[in-house]
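Structure first, then comments.
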Amino acid sequence: MDFTDTPAEAAFREQARDFIAANAPHYLAEHLAKSGFGHTNTGEHDALTEAKKWQRTKAQAGWACLQWPTEFGGRGASPIENVIWSQEEGLYSRLTGTFIIGQGMCAPTLMAFADPSHNTRLLPKLASGEEVWCQLFSEPHGGSDLAGLRTKAEKDGDEWLVNGQKIWTSGAQHSDYGLLITRTDATVAKHKGLTMFFLDMKSPGVRIVPIKQANGNSEFNEVYFENVRIPDDQRVGGVGEGWRVAITTLMNERMAIGGSIATGFPEILEWAQSAQLNGRPALEDPNVKSKLADWYVKAAGLKNNASRQITTLSKGGLPGPENSMGKLVAGNMMQDIAKFALDLQGLSGVLVDPSVAEGAARFQAMLLRSPAVRIEGGTDQILRNIIGERVLGLPEDMRADKGIAFSDIPTSAL
Amino acid sequence: MNFDFSDDQKLLADQVKRYLDDNCGMDRVRQVLTGSPRMAQDVWEGLARMGLLGTAVPESYGGAGAGYAELCLVAQQLGAHIAPVPFGSTVYLVAEALLLWGSQAQQEYWLPQICAGTVKGALATVESVGQLTPGQIHAEVVNGALCGKKVVVTDGGVADLYLVMAKHGDQLSLFLVERAAQVDVLNVDSVDLSRDVAQVNFQNAPAQLLVAQGWNALEVLQNRAAVLYAFEQLGGAQRALDMAVAYAQERFAFGRAIGSFQAIKHMLADMFVSLKLAESNCYYAAWALANNTADLPLAAATARVSATQAFQLCAKDNIQVHGGMGFTWEFDCHLYYRRSNYLALELGSLSEWEARLVEALPRVENI
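Protein sequence lines, in the order shown, are assigned to chains R and L. If you're matching positions, the first sequence starts at 2 in the working numbering and goes up one per residue. If you're matching positions, the second sequence starts at 77 in the working numbering and goes up one per residue.
Next up, the structure:
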């Protein structure tokens with residue numbers, strides 16, 4: 002066991018540090034440092050433009066998507082080098098949120114299942130941030146029960162004709178491509194009738210409608226498909242193999258977000274270290290101490306667990322289902338932290354106007370956004386099922402949709 | 077960077093596991109519950125023969141000269157088997173204190189006997205109910221003789237050598253006191269019947285000074301021991317979870333394995349998450365201990381708090397998964413529940429360690 006850099010790792014770190022010192026958008030640093038929860042603060046500069054610019058700068062010098070092969074725009078780096086890069090990128094990694102879905106989830110799926118000619122064409126542009134991707138999975142009738150999805154794709158010559166609706170698609174409005182899972186056969190069992198495609202989001206018949214969320218923002222969208230045509234060579238994996246392909250995406254999703262997910266801990270610690278409570282430093286309050294300790298051990302546990310995963314990956318292992326715990330822990334913790342911070346603020350805690358609210362209302366923003374963290378990308382309950390069944394080996398729940406054709410499965414009234 | 081134990085270290089853990097599986101199964105633990113003394117002397121001698129009592133003691137003092145990462149893995153196995161031996165008291169506390177502060181003569185005299193298993197140790201600090209504070213200590217050494225009563229001494233009934241916190245002039249110090257006629261020992265029952273616990277009354281017992289700044293020294297010692305006890309907690313938590321998972325798979329109700337019910341499955345998932353967080357924190361702390369890093373106080377408190385949480389959660393919900401059978405004497409669930417609650421107080425309570433953790437946190441801009 003060794004947490005220090007080997008000489009080769011130290012040299013790599015030095016290289017990364019030099020590149021960042023010479024090329025990072027330092028003019029954004031003070032804004033980025035003040036990024037509130039769930040949004041990237043770039044001051045008077047446009048966030049998407051700045052994100053794409055930093056990504057392009059990195060890609061040109063071989064510092065984008067480090068672990069990808071060089072022919073796809075990566076660097077062929079090891080998992081540990083990738084961690085070293087993230088540590089050094091620090092504040093500027095706040096500019097990379099736009100690309101997480103494409104680079105962290107769609108790309109590994111494409112590498113595993115798509116035609117190599119597509120990959121050499123598409124992946125370098127994904128790495129450089131020139132093109133943004135989204136993931137078209139969830140539907141009004143297929144969230145936790147993802148395999149219950151109904152968006153239909155019918156073969157028509159060399160093309161597929163797609164009709165249906167997706168929901169909760171983040172970033173659809175500025176995406177160039179999407180990874181789309183569809184039902185191609187409703188007469189077989191539900192997991193067997195699915196097929197994955199990628200499509201140009203500018204295709205005729207694609208309509209994107211932003212969702213007004215409970216917290217008032219619109220990060221997510223509904224995406225409607227009306228006779229959208231997709232060439233057969235944009236199929237990702239075999240016809241009817243869509244579920245296996247989707248699992249690859251989802252495992253990478255949990256790896257991509259599990260280790261680095263926001264918990265709210267640095268924010269509450271900073272607050273506790275500077276705030277007064279009943280005329281004394283908040284840190285002296287036994288209740289505050291107890292809560293902080295509890296949250297710290299969880300945050301540290303997630304970080305240390307991510308380091309263990311890196312060791313597993315660097316020895317040739319694969320991201321396992323135990324990574325499901327990252328978001329499960331972080332989502333609950335963030336909601337608790339927000340609630341506690343408001344409690345300490347008393348009635349002033351109700352204010353959400355950043356110009357008057359304590360800490361520019363960051364805990365209020367956290368309070369209002371955190372319910373979604375416990376739902377998006379797998380609800381708390383689905384994550385516990387995954388841990389119970391795939392890690393601990395417990396038997397599946399009894400199900401009413403087993404062994405029958407999708408078209409015969411009972412559904413709620415439409 | 078490498079965040080895993082080496083193959084050699086894992087091999088050692090496996091050897092310890094096999095020894096304990098064969099010699100310290102639940103039947104052996106149960107013999108101790110009603111016996112006297114409350115320890116398994118045969119297991120203790122076996123651990124000594126394997127060289128495990130001196131895992132981290134230099135070879136020149138009769139030890140194995142391995143390191144603290146190895147000792148952590150030994151602790152994990154002892155915790156998994158809830159081994160009824162005074163290992164923590166002797167090895168994590170008394171031997172450690174000798175290594176940290178003993179004179180050469182003290183080290184040369186005591187350490188080989190400890191490694192050989194012929195001398196057992198115990199830490200004697202607590203004198204009354206409530207959190208241990210300097211003001212609580214009334215025991216005093218005058219002219220080399222100790223007077224005072226320690227009311228809860230883990231392994232105090234089997235110990236040959238006590239590490240005692242006592243007043244000395246105007247400060248607190250740690251003393252070495254041998255079991256002798258002037259030491260009156262009364263065994264008492266605790267929540268964990270697999271542990272030897274005693275009240276020890278020192279009446280003009282000859283005492284040798286080990287270290288003068290006793291309160292600070294105790295904190296240093298506790299930080300190191302906390303990592304090792306955390307590995308015992310981890311071992312116990314893992315075993316409790318394994319028991320619960322096995323039972324949920326084999327026990328049927330309403331025509332199906334109870335582990336297929338989400339109410340049970342989700343409880344087990346939460347136990348797993350708690351255990352994994354603790355395990356990862358313990359791994360980091362093992363490295364911090366082995367390398368004596370500057371952040372050891374924070375790493376130790378983090379490992380300690382999360383391992384206490386994990387063992388208490390896994391042990392209590394292991395009983396819940398077992399239902400009524402979990403509350404019977406025959407099922408082993410209560411042995412882990414008892415041990416989890418004993419270890420939660422050994423070295424200081426959860427709330428004390430939470431406070432220590434928060435004091436050790438860096439200012440936020442350094443995180």
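All C-beta atoms in this analysis are idealised placements derived from N, C-alpha and C, irrespective of residue type, glycine included.
{"Check": "Partner residues on chain L for isoleucine 81 (chain R), Cβ-Cβ distance less than 7 angstroms", "Outcome": "Met77"}
{"Check": "With 16 other Cβ atoms within 10 Å as the buried cut-off, status of arginine 400 (chain R)", "Outcome": "exposed"}
{"Check": "Assumed close pair proline 205 (chain R), asparagine 222 (chain R) - CB separation to whole angstroms, cut-off 8 angstroms", "Outcome": "The pair is not a contact, with the Cβ atoms about 18 angstroms apart (cut-off 8 angstroms)."}
{"Check": "Touch test, the stretch 349-358 of chain L against the stretch 381-393 of chain L, Cβ-Cβ under 8 angstroms, three pairs minimum", "Outcome": "yes"}
{"Check": "Interface residues of chain R facing asparagine 357 (chain L) [CB-CB closer than 7 angstroms]", "Outcome": "Val298, Ala301, Gly302, Asn305"}
{"Check": "Residues that aspartate 233 (chain R) bridges to, as DSSP identifies them", "Outcome": "Answer is none; aspartate 233 (chain R) lacks a bridge partner."}
{"Check": "Glycine 312 (chain L) beta carbon less than 8 angstroms from that of isoleucine 158 (chain L)", "Outcome": "yes"}
{"Check": "Minimum Cβ-Cβ distance from glutamate 428 (chain L) to chain R less than 8 angstroms", "Outcome": "no"}
{"Check": "Span of the alpha helix (DSSP H) around aspartate 260 (chain L)", "Outcome": "Element bounds for aspartate 260 (chain L): not the alpha helix (DSSP H) but the beta strand (DSSP E), 259-263."}
{"Check": "Residue environment, histidine 32 (chain R), which counts as buried when at least 16 other CB atoms sit within 10 Å", "Outcome": "buried"}
{"Check": "Exposed unless 16 or more other CB atoms sit within 10 angstroms - verdict on glutamine 207 (chain L)", "Outcome": "exposed"}
{"Check": "Lysine 290 (chain R), buried or exposed, once every other Cβ within 10 Å from all chains shown has been counted against 16", "Outcome": "buried"}
{"Check": "Alpha helix (DSSP H) runs contained entirely in the stretch 375-428 of chain L, provided each spans 4 or more residues", "Outcome": "409-419"}
{"Check": "Same chain only: Cβ atoms within 7 angstroms of glutamine 277 (chain R), ignoring 5 sequence neighbours per side", "Outcome": "Ala283"}
{"Check": "For glycine 347 (chain R) and alanine 362 (chain R), the rounded distance between their alpha carbons", "Outcome": "14 angstroms"}
{"Check": "CB-CB length for valine 163 (chain R) against isoleucine 231 (chain R), believed under 8 angstroms", "Outcome": "6 angstroms"}
{"Check": "Buried or exposed (CB count within 10 angstroms, at least 16 for buried), valine 218 (chain L)", "Outcome": "exposed"}
{"Check": "Nearest residue (CA-CA) to glycine 217 (chain R), options R:Gln365, R:Ser413, R:Ala187", "Outcome": "R:Gln365"}
{"Check": "Chain-ordered chain R contacts of glycine 245 (chain L) [CB-CB under 7 angstroms]", "Outcome": "The premise fails here: glycine 245 (chain L) is roughly 32 angstroms from chain R at the closest Cβ pair, so nothing lies under 7 angstroms."}
{"Check": "C-beta neighbour in chain R for serine 112 (chain L), strict 8 angstroms", "Outcome": "no"}
{"Check": "Nearest-angstrom Cβ-Cβ length linking leucine 129 (chain L) and alanine 301 (chain L), presumed shorter than 8 angstroms", "Outcome": "With a Cβ gap of about 15 angstroms, leucine 129 (chain L) and alanine 301 (chain L) do not count as contacting."}
{"Check": "Residue nearest to glycine 378 (chain R) in terms of C-alpha spacing, selected from R:Asn83, R:Pro267, R:Ser145", "Outcome": "R:Ser145"}
{"Check": "Amino acids of chain R, ordered along the chain, whose beta-carbon sits closer than 8 angstroms to that of arginine 332 (chain L)", "Outcome": "Pro396, Met399"}
{"Check": "Element boundaries [alpha helix (DSSP H), containing phenylalanine 198 (chain R)]", "Outcome": "From DSSP, phenylalanine 198 (chain R) is part of no alpha helix (DSSP H) but of the beta strand (DSSP E) over 195-201."}
{"Check": "CB contact check: phenylalanine 407 (chain L) to chain R, cutoff 8 angstroms", "Outcome": "no"}
{"Check": "Proximity below 8 angstroms, CB of alanine 339 (chain L) to CB of glutamine 388 (chain L)", "Outcome": "no"}
{"Check": "Assigned secondary structure, glutamine 207 (chain L) (DSSP; H/G/I helix, E/B strand, else coil)", "Outcome": "coil"}
{"Check": "Among R:Ile81, R:Ile410, R:Gln274, the one whose alpha carbon lies nearest that of glycine 317 (chain R)", "Outcome": "R:Ile81"}
{"Check": "Chain L contact for valine 330 (chain R) (CB, 8 angstroms cutoff)", "Outcome": "yes"}
{"Check": "Nearest-angstrom Cα separation, counted from proline 141 (chain R) out to leucine 368 (chain R)", "Outcome": "25 angstroms"}
{"Check": "Spatial neighbours of isoleucine 85 (chain R) in its chain, beta-carbon cut-off 7 angstroms, leaving aside the 5 residues before and after", "Outcome": "Glu10, Phe13, Arg14, Ala17"}
{"Check": "Straight-line gap, asparagine 299 (chain L) to alanine 145 (chain L) (C-alpha atoms, nearest Å)", "Outcome": "15 angstroms"}
{"Check": "Valine 207 (chain R) - DSSP class collapsed to helix/strand/coil", "Outcome": "strand"}
{"Check": "Buried or exposed (CB count within 10 angstroms, at least 16 for buried), methionine 102 (chain L)", "Outcome": "exposed"}
{"Check": "Contact list for serine 87 (chain R) against chain L, beta-carbon separation under 8 angstroms", "Outcome": "Result: empty, since nearest Cβ-Cβ is about 13 angstroms, beyond 8 angstroms."}
{"Check": "Chain L contact for glycine 259 (chain R) (CB, 8 angstroms cutoff)", "Outcome": "Reliability fails at glycine 259 (chain R), whose pLDDT of 48 lies under 50, so the model's placement of it is uncertain and the value that follows must be treated cautiously. No, glycine 259 (chain R) lies away from the interface with chain L (no Cβ there is under 8 angstroms from its Cβ)."}
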